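Asks:
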Amino acid sequence: MAADDAFIELATSVSNAGVKVSVYDAAQPELPRSNVVDAVNRFSDAGVEAVVGIGGGSCLDLAKAVAAVLANGGDVRDYFGEFRVPGPSLPIVTLSTTGGTGAEVTSLAIVFDEEAGMKMAIADPHIEPHAALIDPELTLTCPPGLTAATAADALSHLVEAFTAKPKNPSPEQLATQIYVGKNRITDMFCAEGLRLMNTALARVVNDPADIAARSDVMFAAYCAGMAINTTGTAAAHAIQSPMAAVGHAPHGFGVAALLPYVMRFNLPYATNEFAEIGRILGVADPRDQPLLQARAAISRIEAMLTEVGAPIEIASLGVTPADFDQIAQFSVTATRLVLNNPAPMTPDTVRALLTRAYAGDRGWWEKP
109 MAADDAFIEL ATSVSNAGVK VSVYDAAQPE LPRSNVVDAV NRFSDAGVEA VVGIGGGSCL
169 DLAKAVAAVL ANGGDVRDYF GEFRVPGPSL PIVTLSTTGG TGAEVTSLAI VFDEEAGMKM
229 AIADPHIEPH AALIDPELTL TCPPGLTAAT AADALSHLVE AFTAKPKNPS PEQLATQIYV
289 GKNRITDMFC AEGLRLMNTA LARVVNDPAD IAARSDVMFA AYCAGMAINT TGTAAAHAIQ
349 SPMAAVGHAP HGFGVAALLP YVMRFNLPYA TNEFAEIGRI LGVADPRDQP LLQARAAISR
409 IEAMLTEVGA PIEIASLGVT PADFDQIAQF SVTATRLVLN NPAPMTPDTV RALLTRAYAG
469 DRGWWEKP
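Offset between the sequence shown (1-based) and our numbering: plus 108.
1. So, are the CB atoms of V354 and D433 less than 8 Å apart?
2. State the Cα-Cα distance for the pair A77 and G163, rounded to the nearest angstrom.
3. Please identify the residue among G126, I218, P244 whose C-alpha is closest to the C-alpha of F327.
4. I need the straight-line Cα distance from A344 to F191, nearest angstrom please.
5. Please report the Cβ distance between G161 and T205, rounded to the nearest whole angstrom; I am assuming they are in contact, meaning their Cβ atoms lie under 8 Å.
6. Determine the DSSP secondary structure at I435, reduced to helix, strand or coil.
7. Taking a contact to mean a Cβ-Cβ separation below 8 Å, would you say Y287 touches R444 in this structure?
8. In whole angstroms, what is the alpha-carbon distance linking P194 and Q437?
9. List the residues that DSSP assigns as beta-bridge partners of I422.
10. Indicate the three-state DSSP secondary structure (helix, strand or coil) for V312 in the structure shown.
11. Pick out whichever of D221, L366, I235 has its Cα sitting closest to the Cα of R480.
12. Could you spell out the range, first to last residue, of the beta strand (DSSP E) harbouring K227?
13. Taking one C-beta from the stretch 258-266 and one from the stretch 290-303 each time, how about it: are there three or more such pairs within less than 8 Å?
14. Any contact between the stretch 231-240 and the stretch 372-388? By contact I mean 3 or more CB pairs, one from each, below 8 Å.
15. In chain order, what residues of the same chain have a beta carbon less than 6 Å from the beta carbon of N449, not counting five sequence neighbours either side?
16. Compute the Euclidean distance between the alpha carbons of D318 and L254, then round it to the nearest angstrom.
17. For K290, count neighbouring Cβ atoms within 10 angstroms of its own Cβ and tell me buried if that reaches 16, exposed if not.
18. Across the stretch 169-182 and the stretch 219-238, are there enough close Cβ pairs to call them in contact, namely three or more that are closer than 8 Å?
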């Protein structure tokens, strides 16, 4: 992107206004810790006063992580966890070039620690961007495959936020837990995002030049980001992180492949929420029993994933049954996500879910 004419024009314009511009153009997918270390080392003595992130989720997470370390010192590992950033970060401005991750508005940055072999999270209000510029024209050159993967990620955010466990957090929990449960405001964001995705997702993949569809998907992703900034995500994301360390599938397609099975796993515990999703998507008959409405919602979400070419099983993602124990053990250590999930997550239930996801078994689950 640094060689793009539009980017050069933007950087030149800012420079001509009397602002020194330093560019870091070595961002890598699935943001490795080494990327953060390199950027911090490069600019630690440059007198940086603000950080602008332009790109997809990894680029925006890089901007947030670098802004935290440049302002507070230390190593990015010092900030893995919740409320670990000791003070304000440098001001952060984000411009997303994909419609999916929601990273442009969240107080979360995901970093892959190569030595640990795991994705780790900085979850702290200090890294929430000060401003996000959301322009669908920035996504027009996004390839169809990446468009599908990032939009599938946004769809999973909407589903997991809407079906997350409601909580009544205490003052102590508000001070120590970044995710405090769903509420009427997060449900409002999810409902709008789901409604937009329902009509725009397939259109934007089939016709990348459809600016109206690009706008709807990008706004849906923004809605999803606003929702998960309060609710957090749940099982699909908890399982995808250690699964990606094994199979190295793109994040969006990883959660997409898990989502059909996570929804079935959670259905007995969130029937009313899934039924409401069915009504939002216009596929549920309000006269039917809630379970039938909920199943209609799940079937429609699966159809949306299939329409854009997202995988709906994990066998194609480089994962084998021999990996299930490791994935299951690491999945349940993502406490902030496990606590959000409607169904209880244990190594045994995660292994059962992975077995179904590997076989493509989309039968309906019953509550134990």
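Built from N, CA and C at the ideal position, the CB exists for glycine as well.
Please read these numbers as outputs of a predicted model, since none were measured by experiment.
Replies: Working from what's here:
1. On the sequence shown, position 246 is the one that residue 354 refers to. On the sequence shown, position 325 is the one that residue 433 refers to. In this structure, D433 does not lie closer than 8 Å to V354 by Cβ.
2. For the chain, the structure presents residues 109 to 476; residue 77 sits outside this window and is missing.
3. As a working mapping, residue 327 is identified with position 219 in the sequence shown. Minimum Cα distance to F327 is reached at P244.
4. Mapped onto the sequence shown, residue 344 falls at position 236. Mapped onto the sequence shown, residue 191 falls at position 83. Distance between the alpha carbons of A344 and F191 is about 23 Å.
5. Here residue 161 refers to the residue found at position 53 of the sequence shown. Here residue 205 refers to the residue found at position 97 of the sequence shown. About 10 Å separates the two Cβ atoms, so there is no contact after all.
6. As a working note, residue 435 is residue 327 in the sequence shown. Correct three-state label for I435: helix.
7. Translated into positions along the sequence shown, residue 287 becomes position 179. Translated into positions along the sequence shown, residue 444 becomes position 336. Taking 8 Å as the Cβ cut-off, Y287 and R444 qualify as a contacting pair.
8. Counting from 1 along the sequence shown, the entry for residue 194 is found at position 86. Counting from 1 along the sequence shown, the entry for residue 437 is found at position 329. Their backbone Cα atoms lie some 30 Å apart in a straight line.
9. The residue given as residue 422 occupies position 314 in the sequence shown. Bridge partners of I422: none, in fact.
10. Here residue 312 corresponds to residue number 204 of the sequence shown, with the count starting at 1. V312: helix per DSSP, three-state reduction.
11. Limits of the chain in this structure are 109 at one end and 476 at the other, which puts residue 480 out of reach.
12. Here residue 227 is taken as the residue at index 119 of the sequence shown, counted from 1. Segment 226-231, the beta strand (DSSP E) holding K227.
13. yes
14. Contact annotation: the stretch 231-240 does not touch the stretch 372-388, with fewer than three C-beta pairs closer than 8 Å.
15. Here residue 449 corresponds to residue number 341 of the sequence shown, with the count starting at 1. Taking N449 as the centre and dropping the five residues before and after it, the same chain places the C-beta of A342, A343 closer than 6 Å to its C-beta, in chain order.
16. Numbered from its first residue, the sequence shown carries residue 318 at position 210. Numbered from its first residue, the sequence shown carries residue 254 at position 146. About 16 Å.
17. The count along the sequence shown starts at 1 and reaches residue 290 at position 182. Classification of K290: buried, given that the 10 Å Cβ count is 16 or more.
18. They touch, by the three-pair rule.
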